[in-house]
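K.L.:
Below is a structure I'd like to ask you about.
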């Protein structure tokens with residue numbers, strides 16, 4: 005077989021992919037929110053968790069340790085990431101009279117829900133406990 009015939013030969017593949025990125029991202033964000041509520045609400049004194057589009061907004065108020073922080077967990081992607089089911093996760097951490105800072109969590113595929121959960125919970129604890 006000539007090399008040109010190999011590349012121009014039509015494929016008879018019947019495999020079809022169901023690439024619904026947006027609903028799967030929503031499921032992942034909901035899963036992470038439930039895990040935060042289950043594991044960290046009492047220990048970190050989380051006041052509220054709000055889901056808005058591709059963000060988790062977490063407000064932490066701890067009067068004993070004088071921690072008043074707002075952490076925005078952003079699930080970011082572009083069109084190429086959408087094709088490969090990749091999501092970049094980062095924290096935007098802000099506090100009263102402090103300069104906001106950005107913490108890049110990591111890049112994950114949406115199939116790795118357990119890894120996403122573990123990494124976000126670990127980094128969230130580090131973001132709250134960090135002393136300036």
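Numbering (our numbering), first residue to last: 5 to 136.
Even for Gly, the Cβ is constructed at its ideal location relative to N, Cα and C.
(1) Is residue 136 helix, strand or coil by DSSP?
(2) Residue 131: which of 108, 43, 120, 112 sits nearest, CA to CA?
(3) Whole angstroms is fine: what's the gap from residue 43's alpha carbon to residue 82's?
(4) Can you list, in chain order, the stretches of the beta strand (DSSP E) that have 3 or more residues and sit fully within the segment 89-131?
(5) Starting from residue 76, follow the beta strand (DSSP E) in both directions and report where the run begins and ends.
(6) For residue 43, name the three-state secondary structure that DSSP assigns.
P.N.:
According to the structure data:
(1) Below a pLDDT of 50, predicted positions are generally treated as unreliable, and residue 136, at 40, falls in that range; no measurement from the model is reported.
(2) 108
(3) 31 angstroms
(4) 90-99, 105-113
(5) 71-80
(6) helix
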